[in-house]
Structure formats: C-alpha cells, structure tokens
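Engineer:
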Amino acid sequence: PMAKLTLCLSVPCLCSSATCLLCRCCPQSKNSTVTRVIYAFILLLGTIIACIMLSPGVDEQLKKIPGFCEDGAGINGNINCTILVGYKAVYRVCFGMSMCFLAFALIMINVKNSRDPRSAIHNGFWFFKVAAMVAVTVGAFYIPEGPFTRTWFVVGTCGAFCFILIQLVLLVDFAHSWNESWVDNMERGNSRGWYAALLAVTGLNYVMAFIVIILMYMFYTRSEGCLLNKFFISFNLLLCAVASVVSVMPRVQESQPRSGLLQSSIMTMYTMYLTWSAMTNEPDRTCNPSLLSIFQQTLVPTLAPLEIKNQTAWWDAQSIVGLAIFVLCILYSSIRSSNTSQVNKLTMASNDTVTLEESNAGTPDEEVGGTGAGRNGPGRVEDNERDMVQYSYSFFHFMLFLASLYIMMTLTNWYSPDAEYNAMTSKWPAVWVKISSSWVCLTLYVWTLVAPMILINRDFS
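Mapped onto mature numbering (1 follows the signal peptide of the UniProt record, and there is no 0), the consecutive letters of the sequence shown carry residue numbers -17 to -1, 1 to 444.
1. Just how far apart, CA to CA, sit residue 392 and residue 98?
2. Considering only their Cβ atoms, is the gap separating residue 418 from residue 192 smaller than 7 Å?
3. Evaluate the contact criterion for the region 154 to 166 versus the region 249 to 263: three or more CB pairs, one atom per stretch, below 8 Å.
4. Alpha carbon to alpha carbon, how far is residue 127 from residue 37? Give it in angstroms, no decimals.
5. Classify residue 71 as helix, strand or coil using the three-state DSSP reduction.
6. Which stretch, first to last residue, makes up the alpha helix (DSSP H) that contains residue 173?
7. Could you check which residue in 25, 264, 436, 376 has the C-alpha nearest to that of residue 412?
8. Measure the alpha-carbon distance for residue 141 versus residue 30 and round it to whole angstroms.
9. Tell me which residues share the same chain as residue 423 and place their Cβ nearer than 7 Å to its Cβ, disregarding the 5 neighbours each side in the sequence.
10. Helix, strand or coil for residue 320, going by three-state DSSP, please let me know.
11. Short check: CB of residue 123 to CB of residue 78, under 7 Å?
12. Go ahead and pull the three-state DSSP assignment for residue 78.
13. Under a three-way DSSP split, which group does residue 239 fall into?
14. State the Cα-Cα distance for the pair residue 380 and residue 174, rounded to the nearest angstrom.
15. Just to confirm, is the Cβ distance from residue 82 to residue 119 under 7 Å?
16. How do the region 163 to 183 and the region 233 to 245 stand: do at least 3 beta-carbon pairs fall below 8 Å, yes or no?
17. Report yes if the CB atom of residue 420 is closer than 7 Å to the CB atom of residue 410, and no otherwise.
18. What is the rounded straight-line gap between the Cα of residue 415 and the Cα of residue 171?
19. Taking Cβ to Cβ, would you say residue 219 is nearer than 7 Å to residue 254?
20. Would you mind sorting residue 368 into buried or exposed? The rule is 16 or more other CB atoms within 10 Å of its CB.
21. Output the boundary residues of the alpha helix (DSSP H) element that contains residue 124.
22. What residues in its chain sit with their C-beta under 8 Å from that of residue 215, if we drop five residues either side in the sequence?
23. In whole angstroms, what is the alpha-carbon distance linking residue 435 and residue 93?
24. Nearest CA to the CA of residue 267: which residue from 372, 226, 234, 204?
25. Quick one: residues in its chain with C-beta nearer than 6 Å to the C-beta of residue 144, no 5 flanking neighbours on either side, listed in chain order?
26. Buried or exposed: where does residue 430 fall if 16 or more other Cβ atoms within 10 Å of its Cβ makes it buried?
27. Straight-line CA distance for residue 377 to residue 17?
Below, the structure is given as structure tokens:
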C-alpha cells in the first residue's frame, strides 16, 4: 500500500500535465472535476495560512521581516505597526494568491479544449504552480508599505463585492434546486412526509429570520437615534415580505409551478445575515455594539463591563459566519458543477458538451478516457475535455481571484487603514457594499420569479 501511495505522489503527478498518475490507489475521475477540487483545496489552504497570520504570537515573528514592521512608515508616517502587523500579513498572503489566480486567468483566455498547450498548465504542473504562489506571497511581504495597504483595501472592497454577487447567484440556484428536488420526491412517493419536511424547513427559516430581526432591533437600534439601522432592518423586512408574496402569486405559480416559500425563506435568511453584517461594520459604536458587549448585556448584566483592548480581532462573529458561507458556497459550486447534466452557473459549462466518457463508450482501453468493459488497469483521470472544455478556465481563475479578495476582506472585518487612529477601523463604504448586496440578492431572486412572465419567448426550463 505504501508503494502505491508513493506512486500517487511521485514527480510526474506534480511536474507534468497529468492531474494524477495512473495508479490503482487513484480513483477514476474526470479531469475537469479533479482540477477544480485541487484549486479549491489550494484556496482553502491559503485561507488557513491567512488565519494563522492573525493568531497570537505570530506577530512577533512577522516583525523580524526587514521593513515589514516599521512604526511610522505607513500612511502619512503615522501607522503603529504593532496594531496592524496581523492585518498587513493577511493583505500580503491574499495578494500573493490573488495575483497568481489573476495571471492564470489572463493566460487561459480563449482555451477551447485540452489539446491547447495552455490546458496542460491549468490541469497539471502543480509543483511549479504552488512554488510560484509561495514565491509571490513571500515576495509580497517585502513590498514597501507606502500606499500599498490603502490601495489594496480599495481593490479588495471592489473584488469582494463582486464575489458576494457570485454568492448570490449560487444561493438563488441552490434555493431553486433544493425546492425542485423535494417537490420531485413529494410527487414520486410519500407525499405527506416530504410535504411535512418542506413545510418544517420553510417555517424554521422564517422563525429564525423573525428572531434575528427582533435581536437586531434590540441591540442595533436605540429609542432615539440609529435611524439608519432602523431603516435597514425595516426596509429589508418589507422587501423580504414582498418577495415572499410574489413567490406565491397565482400568475407566478402558473408560469413556475414549483416556485414557493422555501426559496423565499432562504432568501430572507440570507438577507437578514447581510443586514446584520452591514451593521457590524458601522463606525458608530453606539449603534454597533461588539459581540462581547452584547453577551455582557444579555448574560451578565450585573458585571462591570470588560475592557476591550483590541477592537480589530479577526474572530468577530460576522467574519466566522462569512467564512462559513464562503466554504459552503465553494463546496456547493464544486458539487453542482461536477454534474454535466446541469448548466454551470459560474464556469460557463454547456449542456451541449459531449463528454469523452459518453463519446468513447466501448472504445479500446488504450485510448485516453476509454471506458471499455474489461478494463482492469489502474484508476485514472479521464480527459473529458479533448473536444470542448467543460467550463471556462479563464473565468474560473477570475472567480478564484475574487474569492481571494473576499477572504482578505472577511478576515480583516472589512476594516480600512486609518492613519488618524493608528489602527484598522470600520468605514461606511463596507456598510453600503453589504447592504446594497442584500438588495441585489432580493432583486435577483424576484427576477427569477417574474422573468418567465415577461420573456415569454425564452425557455427557462
């Protein structure tokens, strides 16, 4: 067994165009699926490294890097590196990842099939690609501070907003797919059980959303003041109610019989999350209490308030929730896009693509991707993109570029470098990015409901 494992990890698997060496311990897979899984793993590994940069004790080691931590060397010569060293490290790690993914996106423009020489770069040469990412990331730590952090914050804000829009597309697709799957099961058998499950999940989502709304009114508004928070909560509550009503309107049900309240309840939950996340980025601490102060107010109101020494702790609740949603979206995207019978919403896969597994059924075993009946050879990765790629390589890497920026902004709480206070502080642009994305979320969902009624000549099946 150890010899087989060694074969899988040998040089050709890392330094050639093969996604995995032909060995018995490697499962038979499609080239397009395995490649995306590996890139997703690299992205998650980079996320873990960025988290480590914020852990206690690492800052002392980072200060040893020449020029990386020099007090007074930042914006207007007034930055305290002791406070910012962790966030600066996250910026550098994500800079290295994002620049490499952006370079791959530019290199892979207009790749049509795996016979293109550039396809070998995308699907293989993992050792060289990882080494390049490590080299760029290490080099980023030696970039002079100057305006770097401020400029990269602006780039990160724009990129993260775009990735949130991608999350919205995935979420809407997930909501419709979930509902269709359960309705199909309900129609095929045990209708009462599936109907009860559908009703229970929908009701649970709405109850949880209602509880979140009450908590936001309790802790993020005041009897006098905090008018903007009151507007955010009330307006989004109204929009969610409108979206729920639209989903069960007779005309919508006529054009989309499977639209219903399950999708609306999921959209409502995510909208409430975005509303809460936006309010946690408000600079005004009167209307934006920390999670610790909320716990003190709720659980131990009689104790003296604890002194909060570091308002920029990365483990803020909204960062943890944001990372959890990010991981779930990455996993769902991988599972969803691996099904060639579905249109990949984000990587431009085509239903018309004939995979090599289908076209080569019954071909000799010696041919790449052949699925002849008597093949007893080692497990292999089938090249199912010799005729046409299953997804856009360039757009896939561009998504990873945006995901790297989203990770950076999430881990740093969307805080902006502030020379006046020598720290990373909340800024209003982050608030408006998140609250506007909640409006885009509901608008996109309502459009999926009414589009079949407006564009009657288009097939939305």
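The beta-carbon is built from N, C-alpha and C at its ideal position, and this holds for glycine as well.
Structural biologist: With the given structure in hand:
1. Walking along the sequence shown from the start, residue 392 turns up at place 409. Walking along the sequence shown from the start, residue 98 turns up at place 115. Going by the C-alpha atoms only, they are around 38 Å apart.
2. Working through the sequence shown from its first residue, we reach residue 192 at position 209. Working through the sequence shown from its first residue, we reach residue 418 at position 435. Their beta carbons are not under 7 Å apart, which means residue 192 does not touch residue 418 by this criterion.
3. yes
4. Position 54 of the sequence shown, counting from 1, holds the residue named residue 37. Position 144 of the sequence shown, counting from 1, holds the residue named residue 127. Approximately 20 Å between the Cα atoms of the pair.
5. Residue mapping note: residue 71 aligns to position 88 of the sequence shown, counting from 1. Helix at residue 71.
6. As a working note, residue 173 is residue 190 in the sequence shown. Premise fails: residue 173 is in no alpha helix (DSSP H) and is neither H nor E.
7. Taking the sequence shown and counting its residues from 1, one reaches residue 412 at position 429. Closest by alpha carbon: 264.
8. Working through the sequence shown from its first residue, we reach residue 141 at position 158. Working through the sequence shown from its first residue, we reach residue 30 at position 47. One C-alpha to the other measures close to 19 Å.
9. In the sequence shown, residue 423 corresponds to position 440, counting from 1. The answer, listed in chain order, is 148, 151.
10. Position 337 of the sequence shown, counted from the start, is the residue given in the question as residue 320. With a pLDDT of only 48 at residue 320, under the threshold of 50, the placement of this residue in the model should not be trusted; the figure read from the coordinates follows. Residue 320 falls in the helix class under three-state DSSP.
11. Residue mapping note: residue 123 aligns to position 140 of the sequence shown, counting from 1. Residue mapping note: residue 78 aligns to position 95 of the sequence shown, counting from 1. In contact: residue 123 and residue 78 (Cβ atoms closer than 7 Å).
12. Residue mapping note: residue 78 aligns to position 95 of the sequence shown, counting from 1. The answer is helix: DSSP assigns residue 78 an H, G or I state.
13. Counted from its first residue, the sequence shown places residue 239 at position 256. Reduced to three states, the DSSP call for residue 239 is coil.
14. Taking the first residue of the sequence shown as position 1, residue 380 is located at position 397. Taking the first residue of the sequence shown as position 1, residue 174 is located at position 191. Those two C-alpha atoms are separated by around 43 Å.
15. To locate residue 82, count along the sequence shown from 1; it is residue 99. To locate residue 119, count along the sequence shown from 1; it is residue 136. Yes, the Cβ-Cβ distance between residue 82 and residue 119 is below 7 Å.
16. yes
17. Within the sequence shown, residue 420 is the residue found at index 437, counting from 1. Within the sequence shown, residue 410 is the residue found at index 427, counting from 1. No, the Cβ-Cβ distance between residue 420 and residue 410 is not below 7 Å.
18. Sequence index remark: in the sequence shown, residue 415 carries index 432 (1-based). Sequence index remark: in the sequence shown, residue 171 carries index 188 (1-based). Going from the Cα of residue 415 to the Cα of residue 171 covers about 45 Å.
19. Counting from 1 along the sequence shown, the entry for residue 219 is found at position 236. Counting from 1 along the sequence shown, the entry for residue 254 is found at position 271. Closer than 7 Å, so yes.
20. Position 385 of the sequence shown, counted from the first residue, corresponds to residue 368. That one is buried.
21. Translated into positions along the sequence shown, residue 124 becomes position 141. Careful: residue 124 lies outside any alpha helix (DSSP H) and carries neither H nor E.
22. As a first step, residue 215 must be located in the sequence shown, where it is residue number 232. The residues are 258, 261, 262, 418.
23. Translated into positions along the sequence shown, residue 435 becomes position 452. Translated into positions along the sequence shown, residue 93 becomes position 110. If you take the alpha carbons of residue 435 and residue 93, they lie about 32 Å apart.
24. Here residue 267 corresponds to residue number 284 of the sequence shown, with the count starting at 1. It is 204 whose Cα lies nearest to the Cα of residue 267.
25. To locate residue 144, count along the sequence shown from 1; it is residue 161. Around residue 144: 416.
26. Working through the sequence shown from its first residue, we reach residue 430 at position 447. Exposed, by the Cβ-count rule.
27. On the sequence shown, residue 377 is found 394 positions in, with the first residue counted as 1. On the sequence shown, residue 17 is found 34 positions in, with the first residue counted as 1. C-alpha separation (whole angstroms): 17 Å.
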